[in-house]
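Everything on this sheet refers to the single structure shown next.
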Amino acid sequence: MKRSALIAIIVFLAAGAAYAQDTKYTNESVARVSFVDGKTFVQRASDLGFEEAALNMPVSEGDRIGTTDGRAEVHFGRGNYIRLDSETKIDVLNLPKMGDESARIRVWSGSIYLVVGSLRKEKAIEIHSADSSFYVLDKGIYRVDVRENRETEIQVYEGLIEAAGEGGSTLLKASQRLVVAEGRFLSKPSTFIAVANDGFDKFNESRNAVAQKAAAKSYLPEELGDFEAELQEYGEWVYMPPYGNVWVPGGVDDNWRPYYDGRWTWLPLTGWTWWPYEPWGWSTFHYGRWHWGVGFGWYWIPTAVWGPAWVSWWWDPYYYAWAPLSYWGYPGIVMGGAYYGNYYGPYYPYASAALTVIRKDHLKAPSVSANALRSNSLTGLNKMSLTNKSLDVRPAGTKITVQPIDGNKVLLRRDEGTTGLTKDRGVGREAIRPAEASTAASPRVIRKPSGTGGEAKPAVRDGAAAGGSPTVKGERQAEKGKAAGTTKTTGSAERKTVKKDGESVPASGAVSGYSSSRTVHGYPSSPSIQGPRATGDGGAARSRSSVGPSSSGSSSRPSSVRSSGSSSKSSQPRTGMSSGRSSSSRGSSSVSRGSSSSGSRGSSSSGSRSSGGGGSVRKK
0 MKRSALIAII
10 VFLAAGAAYA
20 QDTKYTNESV
30 ARVSFVDGKT
40 FVQRASDLGF
50 EEAALNMPVS
60 EGDRIGTTDG
70 RAEVHFGRGN
80 YIRLDSETKI
90 DVLNLPKMGD
100 ESARIRVWSG
110 SIYLVVGSLR
120 KEKAIEIHSA
130 DSSFYVLDKG
140 IYRVDVRENR
150 ETEIQVYEGL
160 IEAAGEGGST
170 LLKASQRLVV
180 AEGRFLSKPS
190 TFIAVANDGF
200 DKFNESRNAV
210 AQKAAAKSYL
220 PEELGDFEAE
230 LQEYGEWVYM
240 PPYGNVWVPG
250 GVDDNWRPYY
260 DGRWTWLPLT
270 GWTWWPYEPW
280 GWSTFHYGRW
290 HWGVGFGWYW
300 IPTAVWGPAW
310 VSWWWDPYYY
320 AWAPLSYWGY
330 PGIVMGGAYY
340 GNYYGPYYPY
350 ASAALTVIRK
360 DHLKAPSVSA
370 NALRSNSLTG
380 LNKMSLTNKS
390 LDVRPAGTKI
400 TVQPIDGNKV
410 LLRRDEGTTG
420 LTKDRGVGRE
430 AIRPAEASTA
440 ASPRVIRKPS
450 GTGGEAKPAV
460 RDGAAAGGSP
470 TVKGERQAEK
480 GKAAGTTKTT
490 GSAERKTVKK
500 DGESVPASGA
510 VSGYSSSRTV
520 HGYPSSPSIQ
530 GPRATGDGGA
540 ARSRSSVGPS
550 SSGSSSRPSS
560 VRSSGSSSKS
570 SQPRTGMSSG
580 RSSSSRGSSS
590 VSRGSSSSGS
600 RGSSSSGSRS
610 SGGGGSVRKK
C-alpha cells in the first residue's frame, strides 16, 4: 500500500511539472466574483455586450467590471480582494501568469477597496487612474476614490503604498491620504482618522470579517486557506485513508454529480472554464478531485493546483460528454454501488452516475443541469472513449440584439446561445493525466473493486424522467440535415446592456463612460522607493504547503474527525482499484444550505446515493 501511494504521488508530481510547462496560467491567473449585491455587469475583453455577473463567475485579464445600484467583490489571490462600491467601473488589465506575477487594475470611476493579504514582491500589484498610479509595497487595506474628470483620492488604512504622478513619487503609510488631480499632488500626504465614515467603509469591514473568519480546524493546504470557512459552512470533513481529510458537501440531491450545476464559459487564457453555481464550488471544481463512496456519496479530495476544470471529455458530431477525474488522474465511474477510480478504457460506460452528456448546441447554455440528457436517453452511447485533451472549439462570436427603448437609448442584449462554435487551433492542450504514465501494452479494462459480488447490472439513475425521452440514436436521426436548435435558457438571468450617447453601458444607465479602449498610460514608479525590509524566514517554513494530493502519512491528521462535532466515523483502507469506497454509512446531513443568488440546493439527502450500472464494461 505504501509503495502504491508513493508511486502515485511521484506520478502526480511529474504530471504537475509537465502541466506547468504546457500552460501559461497560474493559480491566480483567473479571479472569481466572490460576492454580488445588486446589479454588477462584466464585459469580456473585445466584446461589445455586457452580461450580468453572479457568484463564482470567472474573471480574466481584459475584463471590465461595472456596478450600478449594488456592490461586488473580486477575489484574485490568497487574501487579495477588490471591492467595488455602487456606480464604479474598473478594468482588470493584468493578472499573474507564468513569467509575469503582476496584477494591474484601472479604475475609471467610483470607489474601490483593495485588500492585500499576500504580496509576492513589492510593486507586484498596481492601481491606475487617469490622475495617478499606485504601487503596493506591503500587505494592507487601501481605498481609492476616482471622481470622474476631477481627481483621485487614496486613503491607506493599513500597509504602505507608493503614489506616482507627473511630478514624481511619494510614500503613503497607514492613516495617510493623498489627493491627485491631473497628475499633480494637490498637497503632501496628510493624516486622517481611519474609521468607517460611510456605507462603503462598513461594507468593507463586513466583508473583511467574512474573509478572515477562522474555521474550527485547518484541513486545506496554505494555498487554499481562503476557502476553509466556506467549506466548513456548507459541508463536513471526514478522514478517509489513503487520501487524508476529504470534504463531503451537504444538501445535494441524489441526481447531483460534479460539474453538473453550473455552466461552461470560454476564456482566452484557459479555454473552456467551469462556472459553478454552488456557493462552495470555486475551490472544489478548480482544485482537487472528486470520488464517490458508499454511505458518503460524492466527496472532494483537496490538491493545490488550479485548473479550468478537472474532467475528461468525449464528443461526436452531436454531443459533448465529460466525467470528473479521480485522484489517480482517470475519469471516475460510479456504477453497481461502487466507485472505479482507475478507469483504463477502451470505452466509458454510458450508465455511470458520474457522466454528464449535453447536445452540442447546449455547450454555452446558462444551465448544464437543465440541459443534461437523462440516463434513459443514453443507451446509444456505448462506445465513448474519453480523451485527455481539452475541447478544440471556441465561441464563433457574440450576437447582440438591438432593441430601441425610449429616447436615444437602445438595449444591447448579449446572446451567446444563438451563435455557434468554431475551430480553435490554439486549444486542445494536454491536461494532467497520470494515467498516461502507463505503457501502451498495459491492459485497458475496468477493474472491479475487491469485495463486491456478482456482475454490474444496468440500472437507471434516480431522477430520470418518467416515460423516457428519445434515445440518442433517435435524436441523431432526427437531427441529421438540420441546423442546431435554440439553446435553453431555463432559470438564467437576462443579460442586458444599454447604449447611451454612443457609449456601451449596463442597462440601468448608471455606469457611464465605458469605452472600448483597454490602454492605460500610468505614471512610472520610482525604483528608489521601496518598503522596509521584512524580517523572518519570508514564509519559507510553511507548515501546510502542498503541491500534490494530500498524504495519508501526515501526523497532524486525526484518525477520524468531523468538523461538525458529530460522532466520529472510520473507514477501512482500500486496496487496488477500489478507491473511494467505505464500509461506513452516512446519516442525514447535518449541514443545510440556504438560498444563493446564483444557485441553491434542496433539502439534504440521507443515506447512500443510488448509482447506475452497466454500459460497455470489459473485465479482465
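Numbered per numbering that gives the first Met the number 0, the sequence shown spans residues 0 to 619. Cβ coordinates follow ideal geometry from the N, Cα and C atoms, glycine included.
Taking the C-alpha atoms as reference points, what is the distance between residue i and residue j?
| i | j | result |
| --- | --- | --- |
| V179 | L185 | 6 Å |
| Y80 | D90 | 14 Å |
| Y310 | Y156 | For the sequence presented, residue 310 should be read as Val rather than Tyr. Distance between the alpha carbons of V310 and Y156 is about 43 Å. |
| G362 | Y318 | First, the amino acid is wrong: residue 362 is Leu here, not Gly. C-alpha separation (whole angstroms): 9 Å. |
| H290 | V392 | 29 Å |
| G344 | S384 | 7 Å |
| W314 | L170 | 56 Å |
| W273 | K120 | 30 Å |
| D360 | G419 | 7 Å |
| H635 | V32 | This structure gives no information on residue 635, because the portion of the chain shown stretches from 0 to 619. |
| S527 | Q154 | 22 Å |
| D200 | E86 | 15 Å |
| P57 | G65 | 15 Å |
| E204 | E60 | 27 Å |
| L219 | A208 | 20 Å |
| I332 | A353 | 6 Å |
| E50 | K88 | 14 Å |
| S524 | P95 | 19 Å |
| S351 | E232 | 30 Å |
| W297 | W255 | 9 Å |
| I111 | S217 | 31 Å |
Between the options, which lies nearest to residue i when the distance is taken from Cα to Cα?
| i | options | result |
| --- | --- | --- |
| T151 | S28, G296, I357 and A129 | A129 |
| I140 | L118, R146, S131 and N148 | L118 |
| W265 | A308, D252, M239 and E72 | A308 |
| P278 | G158, R43, Y522 and A53 | A53 |
| K122 | G158, D68, R146 and G69 | G158 |
| Y258 | T302, A369, R206 and V293 | A369 |
| I160 | Y346, N375 and S131 | S131 |
| V293 | A337, G261 and S282 | A337 |
| F295 | D225, Y238 and A228 | Y238 |
| W263 | G76, A371 and R146 | A371 |
| A71 | M97, D99, R63 and K38 | K38 |
| L136 | A173, A350, E147 and T67 | A173 |
Pop quiz: residue i and residue j are said to be a contact at Cβ under 8 Å. What is the actual Cβ separation, rounded to whole angstroms?
| i | j | result |
| --- | --- | --- |
| W299 | V245 | 6 Å |
| R176 | S189 | 6 Å |
| R103 | L92 | 4 Å |
| W321 | W312 | 5 Å |
| G340 | W327 | 5 Å |
| Y522 | A163 | 4 Å |
| D36 | G69 | 5 Å |
| E147 | S108 | 4 Å |
When DSSP labels each residue in this structure, what does residue i get in the three-state scheme?
| i | result |
| --- | --- |
| T39 | strand |
| R119 | coil |
| A210 | helix |
| Y156 | strand |
| V73 | strand |
| A180 | strand |
| D144 | strand |
| E222 | helix |
| T25 | coil |
| Y238 | strand |
| Y112 | strand |
| S559 | Residue placement at S559 is flagged as unreliable, the pLDDT there being 34, under the threshold of 50; a coordinate-derived value is accordingly withheld. |
| W281 | helix |
| V251 | coil |
| A162 | strand |
| F34 | strand |
| S368 | helix |
| L83 | strand |
| G419 | coil |
| A228 | helix |
| Y233 | helix |
| N203 | helix |
| S389 | coil |
| K363 | coil |
| S132 | strand |
| S186 | coil |
| S384 | coil |
| S376 | helix |
Legend entry - Secondary structure, beta strand (DSSP E): runs of 3+ residues fully inside the stretch 306 to 342: Considered as a whole, the stretch 306 to 342 harbours 310 to 314, 318 to 323, 332 to 334 and 337 to 339 as its complete beta strand (DSSP E) runs of no fewer than 3 residues, in chain order.
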